[in-house]
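J.: Position in the sequence shown (first residue = 1) + 491 = my numbering.
Every residue, glycine too, gets a C-beta built ideally from N, C-alpha and C.
Have a look at the structure that comes next, please.
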Amino acid sequence: MSIQPIRIFGDPVLRTAADDVDTFDKELRGLVKDLLDTMRDEGGAGLAAPQLGVSKRVFAFDVDDVIGHIVNPVLEFPDEEEQDGPEGCLSLPGLYFDTVRRQNVVAKGFNEYGDPLQIVGTGLMARCLQHETDHLDGIIFIDRLDAERRKAAMAEIQSQDWYNEDVKVKVTPHDSKGVFFKR
């Protein structure tokens, strides 16, 4: 098992867009193993490479007994249906905030060997796929909150023992208000 430390809110790597994976090798397979082992150890539904300090477009997931990973994901949205519900993040330990996401999503990408794959997600799986892809774009889920919810979330974050007030927190430079990224 290769459990790695998770980067916490305020770490600049969480605000940096990750690089595409262009080599499907032993190193990538090791990263996928680290993601899966760390995610399982923490009890998370998903974990993106930047959360381990690795700026590569890959994440792992474990939702409704479906465990896997995807490399270089691109999201497509088959409809406009939305969901609004609690969302958390291993980089914001112990906190959950109601977040609007699309209800249905199709993620296209590759497995750790470079073989194409597609994941069709609805509900929690759709939420996870969007959340983790956001991490790859330097977006944290609180960026998706409306102004009132974001203000309440920031107050809650600043009250946490793990919060480091010396770290300058910036809002993402990406247009994240209602925009769902498609690379």
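1) Near G605, which residues of its chain fall below 6 angstroms by C-beta distance, leaving aside the five closest residues on each side in sequence?
2) Ordered along the chain, which non-local residues of its own chain (more than five positions away) have a Cβ less than 6 angstroms from that of E567?
3) Going by DSSP, what residues sit across from A638 in a beta bridge?
4) Q609 bridges to which residues according to DSSP?
5) Nearest-angstrom Cα distance between A643 and K517?
6) Buried or exposed for T590, please, with buried defined as at least 16 other CB atoms from any protein chain shown within 10 angstroms of its CB.
7) Where do the N-terminal and C-terminal ends of the beta strand (DSSP E) with E578 fall, by residue?
8) Roughly how many angstroms lie between the CA atoms of P569 and D657, to the nearest whole one?
9) Going by beta carbon distance, what residues of the same chain come within less than 6 angstroms of L620, once the five residues before and after it are set aside?
T.: Answer, in terms of the structure:
1) F515
2) In its chain, beyond the 5 residues on either side, V597 have a beta carbon closer than 6 angstroms to the beta carbon of E567.
3) In the DSSP output, where bridge partners are listed per residue, A638 has none listed.
4) K599
5) 43 angstroms
6) By the 10 Å Cβ count, T590 comes out buried.
7) E573 to C580
8) 42 angstroms
9) V596, A598 and G612
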